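A.B. asks: Counting from 24, one number per residue, gives the positions in the sequence shown under my numbering.
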Amino acid sequence: MNGAKQVPELEPFLAKIEKLVEFGLDDMIKGSEPNKLFATIVHSDYWLSNTMVLQDESGKPIKNKIVDLQIMQYSSCIRDLVFFLFTSVMNEDLDENYDKLLDLYCDTFVEYLKDFKLDTKEYTREAFRKEIEIIGPKEFYHVGFMLKPILTEKGKVESFENFQSSDWCREDLLGEAHKRKLKQLVFSYQKRNWI
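#1: Which residue from K202, D103, E56 puts its Cα closest to that of L92?
#2: When you compare each of S67, E154, H66, N87 to V76 by their alpha carbons, which one comes out closest?
#3: In three-state terms, what does DSSP make of P57?
#4: Cα-Cα, which of Q96, P31, F36, W70 is closest to W217?
#5: Using only CA atoms, which one of L141, R148, C100, T143 lies nearest to I123?
#6: Based on the DSSP output, what are the partners of A62 in its beta bridges?
#7: So is S72 in contact with chain C if we call contact Cβ pairs under 8 Å?
#8: DSSP on K86, reduced to helix/strand/coil?
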């Protein structure tokens with residue numbers, strides 16, 4: 024919340040942001056039974072620095088390895104998708120390609136399920152979008168909270184691994200990149216009627 028208070032353009036949204044933070048925090052603490060259709064083991068911290076991409080000689084990605092599997096939990100796979108999209112994709116690209124990215128993810132997800140000979144008739148784009156609408160608001164707290172270590176200004180903390188629990192309260196870590204991303208996060212959520 025302190026980060027949002029430092030961005031003048033977010034002042035009209037502060038009450039709604041506070042409610043959304045409380046909603047997400049409450050969901051995180053109490054937990055909720057995931058929709059069985061999308062329930063799986065999720066990473067819970069899947070952002071750009073927790074993925075390694077192997078490229079061929081031409082630079083085309085050919086393999087992906089997920090790292091830092093410390094806080095996995097049983098939840099909706101959509102949590103990792105929302106977290107990744109809103110922490111790791113440039114907002115301009117996300118806004119311009121949001122529907123395409125969701126459809127690509129959904130279609131690819133279904134193809135992988137078919138590889139395992141699973142029945143996919145319930146895995147429609149509509150069911151996928153409905154799950155996004157449920158999970159998106161719940162992830163606001165998580166995304167907003169993690170923007171601080173993800174976007175801490177270079178040199179303020181030696182490395183992400185050295186981010187200490189006392190650093191969560193340091194307002195000097197909230198630089199322009201953090202403020203810009205937080206503002207874009209709120210505007211993106213508003214655009215989707217999640218805030």
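We put the beta carbon where it would ideally sit given N, CA and C, even for glycine. Only a predicted model underlies this, so the values are computations on that prediction, with no experimental measurement involved.
C.D. replies: In terms of the structure at hand:
#1: Residue mapping note: residue 92 aligns to position 69 of the sequence shown, counting from 1. Answer by Cα proximity: D103.
#2: The count along the sequence shown starts at 1 and reaches residue 76 at position 53. Looking at the Cα atoms, N87 is the closest of the given residues.
#3: Mapped onto the sequence shown, residue 57 falls at position 34. Reduced to three states, the DSSP call for P57 is coil.
#4: What you label residue 217 is simply residue 194 of the sequence shown in a count that begins at 1. Per the Cα distances, F36.
#5: Here residue 123 refers to the residue found at position 100 when the sequence shown is read from its first residue. According to the sequence shown, residue 123 is Lys rather than Ile. For K123, the nearest C-alpha among the options comes from R148.
#6: Residue numbering aside, residue 62 sits at position 39 when the sequence shown is read from its first letter. Looking at the DSSP assignment, A62 forms a beta bridge with S99.
#7: Here chain C cannot be found, since the structure has a single protein chain.
#8: Working through the sequence shown from its first residue, we reach residue 86 at position 63. DSSP places K86 in strand when its eight states are reduced to three.
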